[in-house]
Amino acid sequence: MVRPALRSRSLRRVQRRTPGGRTVTRYERRRPGPARCARCGRPLAGVPRARPSVLRGMSRTSKRPERPYGGVLCPSCLAEALRESIIRGL
Ligand SMILES: [Zn+2]
């Protein structure tokens, strides 16, 4: 049996193939929930669900859509906000 700290369900079990061909169980922290729109709360597409240490290795353009308020507002909320000019300075 694995050591007590690894029996916690806050860790997920991942099957990984080693270079030697064995399959081992690795214990990883669970991934965070999806990024959500600041206005309507819907999950944002194009924003990866990953832990900060993984996000740090990713390029800026792969972490959020390349448009104003990308990664903050969903496209429909952005369009609406621009029309209603709720957002200042644009
Ligand atoms: Zn929205």
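Numbering (my numbering), first residue to last: 1 to 90. Beta carbons: idealized from backbone N, C-alpha and C, even for Gly.
Practice task
Kindly examine ligand 1 and report whether one of its heavy atoms sits closer than 8 Å to the Cβ of Gly41.
Solution key: On the sequence shown, residue 41 is found 41 positions in, with the first residue counted as 1. Inclusion of Gly41 in the 8 Å shell around ligand 1 follows from its C-beta lying nearer than that to a non-hydrogen atom of the ligand.
Problem - Rounded Cβ spacing between Arg26 and Cys74 (contact assumed at less than 8 Å) - result: By 1-based counting over the sequence shown, the position of residue 26 is 26. By 1-based counting over the sequence shown, the position of residue 74 is 74. Incorrect: roughly 34 Å between the Cβ atoms, too far for contact.
Problem - Identity of the residues DSSP links to Glu28 by a beta bridge - result: Within the sequence shown, residue 28 is the residue found at index 28, counting from 1. In DSSP, Glu28 forms a bridge with Arg12.
Problem - Ser76: first and last residue of the uninterrupted alpha helix (DSSP H) it sits in - result: What you label residue 76 is simply residue 76 of the sequence shown in a count that begins at 1. Residues Pro75 to Arg83.
Problem - Cβ shell of Cys77 (< 7 Å), same chain only, five flanking positions each side left out - result: Along the sequence shown, one-based indexing puts residue 77 at 77. Excluding positions up to five away in sequence, the list reads Cys37, Arg39 and Cys40.
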